[in-house]
Structures are given as C-alpha cells and as structure tokens.
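Going down the list, the protein sequences come from chains A and B. First residue of the first sequence? That's 74 in the working numbering, and the numbers climb one at a time after it. First residue of the second sequence? That's 74 in the working numbering, and the numbers climb one at a time after it. Here a beta-carbon is modelled for each residue, glycine too, at the ideal position from N, C-alpha and C. Values in this document were obtained by computation on a predicted structure and should not be read as measured data.
Number of protein chains: 2
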Amino acid sequence: MLTNRQLQILQAIVDDFIMFAQPVGSRQISKKQEITFSPATIRNEMADLEELGFLEKTHTSSGRVPSEKGYRFYVDHLLNPQGINSRDIQQIQSIFNDRLVEVEHIIRKSANILSELTSYTSILLGPDVQRHRVKRFSIVPLSSDTAVAIIVTNNGHVENRMFSLPPNFTASDLEKMVNILNERLVGVSLEDIHKKLEAEVLTVLQQHVRSADDYIHALVTATMHNSESKIFYGGKTNMFNQPEFHDLNKVRMILDLMETTSQVQSLFQPNESGIHIRIGSENKQLEMENCSVITTTYSIGEDQQGAIAIIGPTRMDYKRVVALLDVMRMDLTQAFTKNRSD
Amino acid sequence: MLTNRQLQILQAIVDDFIMFAQPVGSRQISKKQEITFSPATIRNEMADLEELGFLEKTHTSSGRVPSEKGYRFYVDHLLNPQGINSRDIQQIQSIFNDRLVEVEHIIRKSANILSELTSYTSILLGPDVQRHRVKRFSIVPLSSDTAVAIIVTNNGHVENRMFSLPPNFTASDLEKMVNILNERLVGVSLEDIHKKLEAEVLTVLQQHVRSADDYIHALVTATMHNSESKIFYGGKTNMFNQPEFHDLNKVRMILDLMETTSQVQSLFQPNESGIHIRIGSENKQLEMENCSVITTTYSIGEDQQGAIAIIGPTRMDYKRVVALLDVMRMDLTQAFTKNRSD
DNA sequence: ATTAGCACTCCTCTTAGTTGAGTGCTAACA
DNA sequence: TGTTAGCACTCAACTAAGAGGAGTGCTAAT
Chain A
74 MLTNRQLQIL
84 QAIVDDFIMF
94 AQPVGSRQIS
104 KKQEITFSPA
114 TIRNEMADLE
124 ELGFLEKTHT
134 SSGRVPSEKG
144 YRFYVDHLLN
154 PQGINSRDIQ
164 QIQSIFNDRL
174 VEVEHIIRKS
184 ANILSELTSY
194 TSILLGPDVQ
204 RHRVKRFSIV
214 PLSSDTAVAI
224 IVTNNGHVEN
234 RMFSLPPNFT
244 ASDLEKMVNI
254 LNERLVGVSL
264 EDIHKKLEAE
274 VLTVLQQHVR
284 SADDYIHALV
294 TATMHNSESK
304 IFYGGKTNMF
314 NQPEFHDLNK
324 VRMILDLMET
334 TSQVQSLFQP
344 NESGIHIRIG
354 SENKQLEMEN
364 CSVITTTYSI
374 GEDQQGAIAI
384 IGPTRMDYKR
394 VVALLDVMRM
404 DLTQAFTKNR
414 SD
Chain B
74 MLTNRQLQIL
84 QAIVDDFIMF
94 AQPVGSRQIS
104 KKQEITFSPA
114 TIRNEMADLE
124 ELGFLEKTHT
134 SSGRVPSEKG
144 YRFYVDHLLN
154 PQGINSRDIQ
164 QIQSIFNDRL
174 VEVEHIIRKS
184 ANILSELTSY
194 TSILLGPDVQ
204 RHRVKRFSIV
214 PLSSDTAVAI
224 IVTNNGHVEN
234 RMFSLPPNFT
244 ASDLEKMVNI
254 LNERLVGVSL
264 EDIHKKLEAE
274 VLTVLQQHVR
284 SADDYIHALV
294 TATMHNSESK
304 IFYGGKTNMF
314 NQPEFHDLNK
324 VRMILDLMET
334 TSQVQSLFQP
344 NESGIHIRIG
354 SENKQLEMEN
364 CSVITTTYSI
374 GEDQQGAIAI
384 IGPTRMDYKR
394 VVALLDVMRM
404 DLTQAFTKNR
414 SD
C-alpha cells in the first residue's frame, strides 16, 4: 500500500508530466504549493515508487516519467473528477443550438467540438443502424433492367442499393414484390432482414412473382451487406501537436489505423456503459502502444447506442477528457431521446 | 531556344531527380547511356540552364535541382507519353471485375488503386449529384410530427432528409402533397428543385394542402441544401513516403487541407476535359507550394462529370501519373456510360 | 525521519576538424 | 571553336572532444 506522501508525490509527478511533457525532477516537485518536503525526501520516495513500477527513468540521471502502471494507478485512484468550466459547457451546448435535428449533423458537430476542446483526436460512432427496424420498403425502377431498393427505418435512416431486374419483369410483378416485402419486413430489424428473407419471404415471393431465383437472391444479398455504423472524425491531425508524435512513423501508423474501419471499430470494445480508459499497451493494436483511448457510449432512443472515443498520447489529460466525455455523453443522450418515433 | 544538347541534359536531370530525389551532379549525368559528352561540358550547359531559370542549386557547390520553370518545361515539352505496363493495366481492370455496378463502389475502389499504383494521394470526385434529375419523390412518415423526404434520381442516387410535420397533418394531406410534388418535380434536376418549388409548386401546395407555410418552407430549404459531389480519398498517408514531406508541418498542412471540402473542390478548377497539371505555386493554395496536382475528368452518362486528382511532390513522376490517369479516365467513362438509364 | 551536501552520470549544446561531392575556371587539345 | 582534363575552391554532412547543467544516489549531519 502506498503511503499518503507517496500518493501525493505520484500525483504531482503525473500531473506535471501531463502538463509539460518533460521528465520531472525532485526540485521541480518540491517547488509546488502542496508539497512541503525537501527534494532529498522526494528523491527517496521517487526511488521507492520506481521500484514499485509506477515511475520510470529515461536514463540514469534523468527525472522521472510515469510508467503505464503509474498512469493506470493515477486513473484508478487519483482522478478526483473535476468540473469543467462554463466556457467548455457553452461550447458543447452550441452543438444543439441549431434547430436541425438531423442525427448525423449533430454527431459530426460533436466530433469537431470534442477534438477542439481536448486538442486530441475524436471518433464518434453513429447509431448502430443494424438495430433499426424497417418502417417501409420500396423499389423505384430506373430502367427496364435496373432499380433502386430503399429501406426507411423507424429512426428515419435510409438505406438504398441498386440492383438488376430480371428480364421481362413487369410493373405488376414489381408491385406484388414490394407489397409482399412490406407485409413481411416492416418491424424487422435490419440485422434480421437477411434471416427473415431466407426463412419466410423467399418462398412466398417465388410463389407470387415469376422471376429467376438468381435475381431475388441478388436482392437478398444486397440487403444483407449493410453498412455498419457510420464513423465521424474530429481533429485527425491534432496529434501533430503532441511532442510524443513528432515522429512521422508513429503518426502515420495511427492515421493509417484510422482509415481502416475494422480497426477503428475494435477500439470500441467493450461496449458497456460508463467511461473506459485503455492506456498504452492495454490497447490490442500495437500501433496504439503510445496512445491512450478513452471511450464511452451514448444512447439514441430506447435501445440504440452510439460511441465516442478520444485518442491521445498516454500522457493525456485524463481528468479533463473524462469530464468532457461525461458531459458529452449525457447531452447527446438527452438530445437523442426526445423526439424519437417508433 | 534551347539546343538539342540542353534539352537532353535537362531531361536527364529532371528524370534523375524524380527518381532519386537528390541534387544531380555532372558526373552522374555523364554516366548515363544516352549522354556522350564529358562532365565538364555538362557543367557548362548546366550553368546556362540555371541562368535561363530551369535549374537551381541548393547551395553553391551542390548538384542541380529542377526549378518550377524546369518542371513546367519538362511537362510541356519533354513528356513523351509512355505506355504503362500490363500489370498496371490489369490492376486497373480489376476495379471492374466485380459484378456490382454501384457507382460509389467503383469510385472508391478506383481511388485506392490509383494511390497504390502511383504511391501518391488520390482524390476522386463522384458525379455531380446536382445535375441528376428527379425520378421519384416520396415521403415516409415516422411519427405524428416527423417524416423523411426521399428523392430518387434518374441515376439511382438517393437523397433523403428528415423534416417536421405541421401539427394535425393527416395521411391524406401527405398523400396530396406527395402527388403534387411528383407531378411537378419529376424530371427536374436537383439544382433546379429549389427554384421550381418556389416558383410554381409552393402556391399549388398551399391551395391543396392545409398547413402552416413555415413547414412547407422548411421542406423547401431541406431539399435545397443538398450535398455536393461526394469526395473519395486514396492513400492519404502516402506522402509520408516522400522525402520532401519528412517535415511534419508540411504534411499537416496538406492533410488539413484535405479535410476541408471547399479547399479540395478548388483543386479541381478548371473543369475542362483533358489532363491538367499544376506545379508548386501554380496552385492557388500556399499549403500546396511543394506539391503538384494532376487532374482530369471522366464522364458519367451523357452530361455528368466526375473528376480525379493526384497529389504528389513537385518531384512527381509526371510521365507515369499522366499515363495512368489517361487509362483511368477512359475506363471509368466507359464503365459509366453503358447501363445508365434516363 | 528528514535534509543539506557532494560526487557522479549522462544528455545536450557548441566548436573544430575532416571528408567528399560537386562546382567554376583555366588551359590544353582536336 | 567547341570540348575536355585538371585543379582550386565551396559547403553540407559527419565525427570527436569538451563544457554546461539538470538530476540522481549516497552519506552524514540535524
């Protein structure tokens, strides 16, 4: 167990390093207001904290730097949550000033504001479209052999896909098909559409609509490979500001990772509520070994979730980011739970 | 006028510098197969070429580097177009292997392949949606006070926007509204919708559908602010490979520019056909003073255009990029002009 | 238990010297 | 007269050596 004085010193070191990005020495700590003991004492405690694995040295005679374990301890035990100032709150509120209630618009704006306020990179996951339910299915023919299938969901999201029509497909065939699909699919969630189609609808369709199986199959697969949650970024190049990312290779790896949808999505595991912090190598991706990722979720309507991530150096201002994310999460949830239909 | 020998030397220098990114000296040139004269002669010619403004020195005793004027001359007079090899052609063809005819899918794939083949950054502008014409207009109500307006265009593109319904708006009101809108709007291009609505449709609507003007106006403005052409990127971080972009600030400026839609769109001026090359400061943006931008256009259907841009260092492999863009332009145009409806 | 004092470490910055690629100029040559 | 060999000169890039300074660990005094 750490003594009170050790806690105080560890906190001071982490705070200082987060602020100045320089190894911190005993003298510098001793000059702080809240520290009452001499550099020599601090040096002794530092040596102990290093032995315990909370601190590291960059070389034999340098100041100390928090280790990952140090950050982890700091985050778990020393992070007395602090309010954010009213200017920040005002900025966040400004997202909702516009009358437009378009979900996408709000999320995009949130991503920008978050990156601005934190000076890190923000990633926002839009609602998980897969859990929307079909409100209406329609098909608009474009020419004799192509048409657009459109699904409107209960939340106002629109999915559309072009597909080929079988030869000699008549308007009445089309009408029958749309009717059957609407009868059977309204209320089904997008993730279940495929199953439902295969299990029930396909046979009904084949009975009532003359057309090659192939084409119906094409339609089925078209509805199946639906897009995942949309991803919005803010401040992609903010990390250029951080001294730890003055190395081109690191920046590049992270930027590349952010272009890869699957990688980005794996940042958001686990999807539980609350605020999650992953520090350095706690991230699975080794591109992120110098980064910390703070994630949280917000709700859209009853059972849908979006997610927020902030990516910064391990030397991230955890206190501030956590406070901001907390406000953000609640505000978004609030904004999205009124005015939703079913 | 340049002598034959000067042309030969200028070409050799530009080619060499494009290849190795190192100031090129007289000795190195003299060793080339096609060069038959001694380093001393070459030095004399180099001095002349420098006086004429085609070459520069990085310092008094360094080798020569092409100036912007040098590149411009090279591009205008020394760029004997060369075919690309069959492996490249195969790669480009692979874009069209998939059966899917989805425009967006093809363009996205093209962006990736282009950046891979050139090792520069590619930007593709999708078709200019504004010039599509309305095929069908529909409204799907979500709840008592919200609905989604959907426009399907002749090319299968789908625009959608949520909007608020007036209180006490009935299903029959809605039906009337949709009918009127379809009657009047089908065949109108998206860019003209707003005008058309204001000029003709609004008054008709007000006669037949009881509802506050406000709401119809909201719908009008919703249809108005339509998205511009979609932008697709390939190899955003490719420039990290180029030695001239080992400077964080330069990279950052360019990446930031690419996040700004208006800036990106201004890269594509002028919109004429053919292949356009802008070298260094010929670009209006000063973020691009170390870059060259090569642009071209491709057609989609009859009167629609998309555009392609490749961004690289001024020391770009112009020959290869021009050749690749030429093939790309023709292939895309070809792919998009069959199977389009009206 | 705390702290002042001191020797020691090692990074960082500066300076000086060395190397080598490349130039411009002159004089010789075909 | 155009071409080329030879040579002195320039300057970036690298290396080595030394000075300065921030910070440590240890010891001994308080």
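Given that a residue counts as buried once 16 or more other Cβ atoms are within 10 Å of its Cβ, and exposed if not, what is residue i?
i	result
B/P100	Sequence check: residue 100 of chain B is Arg here, not Pro. With fewer than 16 Cβ atoms within 10 Å of its Cβ, B/R100 is classed as exposed.
B/A184	buried
B/E126	The sequence given here has Gly at residue 126 of chain B, not Glu. The residue in question, B/G126, is exposed, as its Cβ has fewer than 16 Cβ neighbours within 10 Å.
A/N363	buried
B/Q81	buried
A/D415	With a pLDDT of only 42 at A/D415, under 50, the local geometry of the prediction cannot be trusted, and no value is derived from it.
A/S195	buried
B/E232	buried
B/R416	Chain B is shown only over 74 to 415; residue 416 of chain B falls outside these bounds and no answer can be derived.
B/F93	exposed
Would you identify the three-state DSSP class for residue i, choosing helix, strand or coil?
i	result
B/Y391	helix
B/V282	coil
B/K105	coil
A/K269	helix
A/F93	helix
A/L398	helix
B/S424	No answer is possible for residue 424 of chain B: it lies beyond the span of chain B, which begins at 74 and ends at 415.
A/S159	helix
B/F313	helix
A/G353	helix
A/Q166	helix
A/T243	coil
B/T191	helix
B/V251	helix
B/E301	coil
A/I348	coil
B/L258	helix
B/R413	Note that B/R413 scores 48 on pLDDT, short of 50, meaning its location in the model is unreliable; the coordinates nonetheless yield the value given after this. B/R413 falls in the coil class under three-state DSSP.
Anyone know if the C-beta pair for residue i and residue j falls short of 8 Å?
i	j	result
A/I86	A/R137	yes
A/I212	A/M250	yes
A/R325	B/T310	yes
B/G143	B/L83	yes
B/I165	B/M312	no
B/I253	B/V277	yes
B/G379	B/T368	no
B/R209	B/S262	no
B/L128	B/P139	yes
A/D201	A/Q377	yes
A/L258	A/K269	yes
Hey, out of the options, whose CA is closest to residue i's CA?
i	options	result
B/I350	B/M389, B/S192, B/P316 and B/I373	B/M389
A/L179	A/I304, A/T368 and A/Q106	The sequence shown places Ile at residue 179 of chain A, rather than the Leu named in the question. It is A/I304 whose Cα lies nearest to the Cα of A/I179.
B/N153	B/H205, B/M326, B/V394 and B/M401	B/V394
B/S245	B/S216, B/E264 and B/H281	B/H281
A/E360	A/P200, A/R206 and A/T387	A/T387
B/Q336	B/N158, B/N356, B/G229 and B/V277	B/N356
A/H230	B/G229, B/F236, B/N227 and B/N228	B/F236
A/L198	A/K392, A/F409, A/E301 and A/N322	A/E301
B/M331	B/A113, B/V366 and B/L258	B/V366
B/E118	B/I102, B/T276 and B/D171	B/I102
A/I373	A/N227, A/G353 and A/Q358	A/N227
A/S339	A/S159, A/K105 and A/A382	A/A382
A/Q407	A/Q79, A/I384, A/E375 and A/E273	A/E375
B/L398	B/I186, B/E124, B/G260 and B/L247	B/I186
Can you tell me where the alpha helix (DSSP H) holding residue i begins and where it ends?
i	result
A/F146	E141 to H150
B/V324	L321 to E332
B/L122	P112 to E124
Between which two residues does the beta strand (DSSP E) containing residue i stretch?
i	result
B/P386	Q377 to P386
B/T226	T219 to T226
A/P214	V207 to P214
B/L128	L128 to K130
A/S372	C364 to I373
Heavy atom of the ligand SAM less than 7 Å from the Cβ of residue i, yes or no?
i	result
B/G307	No copy of the ligand SAM occurs in the structure displayed, which carries no ligand at all.
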